[in-house]
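Residue numbers (the numbering used here): 3 to 429.
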Amino acid sequence: MKFFLKIGLPWALSLGAVFYLGLYVGDSSLPPRVPSGPDQAPTGQAASPRPPSSNPSPADRSVAEGSGSVARKDGKPSGISRNVSPPLPPNLRRIMKGRDIVDRLGAYLDAVRAMDGANVHEVVEAFEALPKGYGRHLEMKLLMRGWAAIDPEAALEYATNELDHKSETRFGISEVLAGWANSDPQGAIQWAKANSNNAKPEDNAKLVGIIRGLAENNLGAADELFRSLPEGGARWQASTFLAQEFAKLGPQEAIKWAENFPREDERMRETILGQLGAKLSQQNLTATADWVRGMEDDKASRRITDNLLMHWVSKSPAEAATWVQGLENEQKRSYAMKQLTSRWSLLDPISTAQWLNTLPPSPAMDPAVGEFVNMISARDPEGAMGWALTIQNQESKNRALRKAYGAWEKVAPQRARNWKQANNLNF
Numbered sequence: 003m004k005f006f007l008k009i010g011l012p013w014a015l016s017l018g019a020v021f022y023l024g025l026y027v028g029d030s031s032l033p034p035r036v037p038s039g040p041d042q043a044p045t046g047q048a049a050s051p052r053p054p055s056s057n058p059s060p061a062d063r064s065v066a067e068g069s070g071s072v073a074r075k076d077g078k079p080s081g082i083s084r085n086v087s088p089p090l091p092p093n094l095r096r097i098m099k100g101r102d103i104v105d106r107l108g109a110y111l112d113a114v115r116a117m118d119g120a121n122v123h124e125v126v127e128a129f130e131a132l133p134k135g136y137g138r139h140l141e142m143k144l145l146m147r148g149w150a151a152i153d154p155e156a157a158l159e160y161a162t163n164e165l166d167h168k169s170e171t172r173f174g175i176s177e178v179l180a181g182w183a184n185s186d187p188q189g190a191i192q193w194a195k196a197n198s199n200n201a202k203p204e205d206n207a208k209l210v211g212i213i214r215g216l217a218e219n220n221l222g223a224a225d226e227l228f229r230s231l232p233e234g235g236a237r238w239q240a241s242t243f244l245a246q247e248f249a250k251l252g253p254q255e256a257i258k259w260a261e262n263f264p265r266e267d268e269r270m271r272e273t274i275l276g277q278l279g280a281k282l283s284q285q286n287l288t289a290t291a292d293w294v295r296g297m298e299d300d301k302a303s304r305r306i307t308d309n310l311l312m313h314w315v316s317k318s319p320a321e322a323a324t325w326v327q328g329l330e331n332e333q334k335r336s337y338a339m340k341q342l343t344s345r346w347s348l349l350d351p352i353s354t355a356q357w358l359n360t361l362p363p364s365p366a367m368d369p370a371v372g373e374f375v376n377m378i379s380a381r382d383p384e385g386a387m388g389w390a391l392t393i394q395n396q397e398s399k400n401r402a403l404r405k406a407y408g409a410w411e412k413v414a415p416q417r418a419r420n421w422k423q424a425n426n427l428n429f
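As structure tokens, then:
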């Protein structure tokens, strides 16, 4: 009995008081009853949701009516805008620390979609729950692109000062600028020029990020900005990227773009044609071969030939050899034969030798035979000496003989000397 009076009774009274208080307070927060009859909205008017209280205050009415302003205690609007941020996924930071990649990426994507100026710090905190480094580059790209649409300069400041300088800063800045370029290219360009960390303006890599962004929706605008860049590192990086993008349009459009580059800038033209040739060779050997066939014999066409044969020989060296022999320009054919020999002999020197044997010795064949000597001297120096003797140009022949003899002398010096004396050679 004493135990009940001391412990049980006070506990029961406290429980009753809490229950009564809950009923009293919770009654006003019940969801509103769906209006019917006289409470329905008049015909032709949209029915507005009832406020949560049956007797709303002026402030509640202000928010419920969508005025967007916070009411003062006297019921008059304060004039301060009140923007309600969309809800972020609950427990976002905890999810980002978890090991389930599907849950993590799903929650993070939802957060980036709902991100605005008021809750961006929460998304940043969730991103920072991930370990720094290359492992979070996808999440960083999503954050930087989303943030660029809200406040690009704040995103750039964060990328510059807070991201890992070894593995993240440059990538993050590039993504912000790419996103910014889609909405305000001039603003992005001005910022990039004003905040270059390169000693030379022509090496401003930030401009490459802007070109990447422009290319996503307007390849022509990206190309126009690229052509306005001075010669330097930024222009070279941008040319590599644009060659990849134009190659996606197909050989015809890509070749048209490359050949329209001004011939006055011979070095950049050679670079662009070579880069495009490398991409097109991977996609369409026939179209690339037809392109090279109709080009002049210059540095640009030779770079494309190099890339073409690199891919073609690995797939069908016999087809590549047929194409090379069909080139009408003798200088182009001689150069292509040399490149074909160089690559084919690495894969199959016997087949390469058989092919060379089908062609009569001539000055035009000298570069190919000399290249074959270079490629086989270490493996078969005696055979290389025999091939060197077929070279027509005396200077080229002596150079090839010295190459083969030097390799032979290392493995069989006496035999090499005897052979040299027997053939009465002086090179």
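Beta carbons are placed, not taken as given, at the ideal position from N, Cα and C, and that holds for glycine.
A distance of 8 Å or more separates the beta carbons of ALA366 and GLU397. When DSSP states are grouped into helix, strand and coil, GLN423 belongs to the helix group. Where ARG269 is concerned, the enclosing alpha helix (DSSP H) starts and stops at 268 to 285. Excluding sequence positions up to five before and after GLY100, its CB lies within less than 8 Å of the CB of ARG106, all in the same chain and listed in chain order. For the pair GLY137 and ASP166, the CB atoms are not nearer than the 8 Å cut-off.
By the Cβ test, the segment 112 to 129 is in contact with the segment 148 to 156, since at least three Cβ pairs between them sit closer than 8 Å. Closest by C-alpha distance to LEU275, out of LYS250, THR392, ALA370 and ALA302, is ALA302. Counting C-beta pairs closer than 8 Å gives fewer than three between the segment 213 to 221 and the segment 193 to 204, which falls short of the contact rule. By the criterion of a C-beta distance shorter than 7 Å, ALA128 is surrounded in its chain by LEU94, ARG95, MET98, TYR110 and ALA113, once the five residues flanking it on both sides are discounted. Here GLY235 carries a helix assignment [DSSP, helix/strand/coil].
Our two residues, PRO351 and MET377, have alpha carbons roughly 9 Å apart in a direct line.
Taken through DSSP and simplified to helix, strand or coil, ASN376 comes out as helix.
In the structure shown, PHE243 falls within a helical segment according to DSSP collapsed to helix, strand and coil. Between ALA249 and ALA256, the gap from beta carbon to beta carbon is short of 8 Å. Straight-line measurement puts the Cα of ARG147 at about 40 Å from the Cα of LEU311.
With contacts defined by Cβ atoms closer than 8 Å, ILE306 and GLY328 do not form a contacting pair.
A straight-line Cα-Cα distance of about 18 Å links TRP259 and ARG295. In the three-state DSSP reduction, ARG381 falls in the coil class, being neither helix nor strand. Here the alpha carbon of PRO415 sits roughly 48 Å from the alpha carbon of LEU282. Listed in chain order, the alpha helix (DSSP H) runs fully inside the segment 132 to 187 are 139 to 152, 154 to 163 and 171 to 185, counting runs of at least 4 residues. Ranking PRO264, ILE393, ALA386 and ASN426 by CA distance to the CA of ALA409 puts ALA386 first. From the listed residues LYS317, ALA194 and LEU132, the smallest Cα separation to THR162 is found for ALA194.
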